[in-house]
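S.K.:
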Amino acid sequence: MGSAILFAFYVDDVKWLHSAKKHHEFDPWHVAKGVSKKLAIVAKRKDCEGLGEWIPSIVNHLRWRAQTCEGDAEVLKEKRVSVTHHVTSRHDWPGNRHYHRCAHEPLDEQSERRKLWSSPESEAHKALVRTVKDKRLLKDLDHLTKSIHTTTLEVFHSMYLKYLPKRIHFGYDVMVHASMIAALDHNNNTNREQAVFQDGETVGEPKFRISWSKVHETFRARPAVVKKDYGYMTAMVADVLSSVTDLMDMRLDRTHIMAPQQTPSRSQIIFQTQQFSRLK
Ligand SMILES: [Zn+2]
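Under our numbering, the residue at position 243 of the sequence shown is numbered 359, and the numbers go up by one with no gaps.
In structure tokens:
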């Protein structure tokens, strides 16, 4: 979910932040990436053949758990163990308080046959259980219950460098104003739709970007979004031009420094000048 970047903190908000009880959350994507890397290393072992096939599903499952636990860490932890049963083609199990069976529909014969089920006795399965039940991961799960994503903030920080590159030193004023422009750019272009082909045989079809994943060693497709819209800048530039034009008009209007049309008499001018002059 994209969201606008808040540009200003008010003093009261900061005070409130310090006094409130803090609850730290991790981005499930980052935790899932760590799990994926660990499993990818184990999957390279000869005795863990077949584990690599399961990595994308296990990672998706971790994100799904965070999204569907409704803020309950216990549910999240029970769902965590379910993946170790599912990979062995076991879809219900005793012992849990909240989550006793997989949430998916019963698998048909074809799906059942197509999956590379893992044997509970295999080294690959033991390695998976070790990773899923890892104590550090278990601690991390307490910080995933709200399924908070930092993607939008990371995208903003990356885009911010377009306006304020790190290799150049900027003064305070430039930092403030360029940050405002970066925030406007972000807020006006967040939640962009997926782009579609405008012509050719595939007209109307959604566009994707294909990239190679080093971790999963496979090609992946990501939706390509429409180009940024800088239309909001037109109004800003128009305002700037209007201000400049007003300033120019003021400079061109010289009536305030020109002599008045009615000139006083010569003797009056001499008298007034001598009255205020230092050279009497
Ligand atoms: Zn299942």
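Note that the Cβ used here is the ideal one computed from N, Cα and C, for glycine as well.
Using the three-state DSSP reduction, which class does I326 fall into: helix, strand or coil?
M.R.: Residue 326 sits at position 210 when you count from the first residue of the sequence shown. Strand.
S.K.: Tell me the residue span of the beta strand (DSSP E) that contains F335.
M.R.: Here residue 335 refers to the residue found at position 219 of the sequence shown. Run containing F335: 334-339, per the beta strand (DSSP E) assignment.
S.K.: State the start and end residues of the unbroken alpha helix (DSSP H) segment that holds G150.
M.R.: Position 34 of the sequence shown, counted from the first residue, corresponds to residue 150. Run containing G150: 144-159, per the alpha helix (DSSP H) assignment.
S.K.: What are the partner residues of Q183, as DSSP defines its beta bridges?
M.R.: Here residue 183 refers to the residue found at position 67 of the sequence shown. In the DSSP output, where bridge partners are listed per residue, Q183 has none listed.
S.K.: Could you check what DSSP says for R217 in three-state terms: helix, strand or coil?
M.R.: Position 101 of the sequence shown holds residue 217. Looking at R217 - three-state DSSP - the assignment turns out to be strand.
S.K.: Could you check which residue in W233, D208, G347 has the C-alpha nearest to that of S173?
M.R.: Along the sequence shown, read from residue 1 onward, the residue named residue 173 stands at position 57. Among W233, D208, G347, the Cα nearest to that of S173 is on W233.
S.K.: To which residues does DSSP link Q76 through a beta bridge?
M.R.: The question about residue 76 has no answer here: the residues shown for the chain are numbered 117 through 396.
S.K.: Indicate, with yes or no, if ligand 1 has a heavy atom lying under 6 angstroms from the CB of H241.
M.R.: By 1-based counting over the sequence shown, the position of residue 241 is 125. H241: no, Cβ never under 6 angstroms from ligand 1.
S.K.: Check D301 in the structure and name its three-state DSSP category.
M.R.: Taking the sequence shown and counting its residues from 1, one reaches residue 301 at position 185. Residue state, collapsed to three classes: helix.
S.K.: Within this structure, are the beta carbons of E158 and A243 separated by less than 7 angstroms?
M.R.: The sequence position of residue 158 within the sequence shown is 42, counting from 1. The sequence position of residue 243 within the sequence shown is 127, counting from 1. Glu is not the amino acid found at residue 158; the sequence shown has Val there. Contact flag set, yes.
S.K.: Between T204 and the rest of its own chain, which residues show a CB-CB distance below 8 angstroms, the 5 nearest in sequence each way excluded?
M.R.: Numbered from its first residue, the sequence shown carries residue 204 at position 88. Result list for T204: W233, S234, S235, P236, H241, in chain order.
S.K.: For Q379 and A298, what's the separation of their Cα atoms in angstroms?
M.R.: Here the question's residue 379 lines up with position 263 in the sequence shown. Here the question's residue 298 lines up with position 182 in the sequence shown. The question names Gln, but residue 379 in the sequence shown is Thr. Each residue's alpha carbon lies about 57 angstroms from the other.
S.K.: Any heavy atom of ligand 1 closer than 6 angstroms to the Cβ of H216?
M.R.: Within the sequence shown, residue 216 is the residue found at index 100, counting from 1. For ligand 1, not one heavy atom lies less than 6 angstroms from the Cβ of H216.
S.K.: Which residues does DSSP pair with D365 in a beta bridge?
M.R.: In the sequence shown, counting from the first residue as 1, residue 365 sits at position 249. Beta-bridge pairing links D365 to no other residue.
S.K.: For K162 and R181, which I take to be in contact (beta-carbon distance under 8 angstroms), what is that distance rounded to the nearest angstrom?
M.R.: Within the sequence shown, the letter at position 46 stands for residue 162. Within the sequence shown, the letter at position 65 stands for residue 181. Contact annotation, K162 with R181: C-beta distance approximately 30 angstroms; criterion of less than 8 angstroms not satisfied.
S.K.: Do the segment 210-230 and the segment 135-151 touch if we need at least three Cβ pairs shorter than 8 angstroms?
M.R.: With the cut-off at 8 angstroms, the segment 210-230 and the segment 135-151 do not touch.
S.K.: With DSSP as the reference, identify every bridge partner of D163, one or two as the case may be.
M.R.: Locating residue 163 in the sequence shown gives position 47, where the first residue counts as 1. In the DSSP output, where bridge partners are listed per residue, D163 has none listed.
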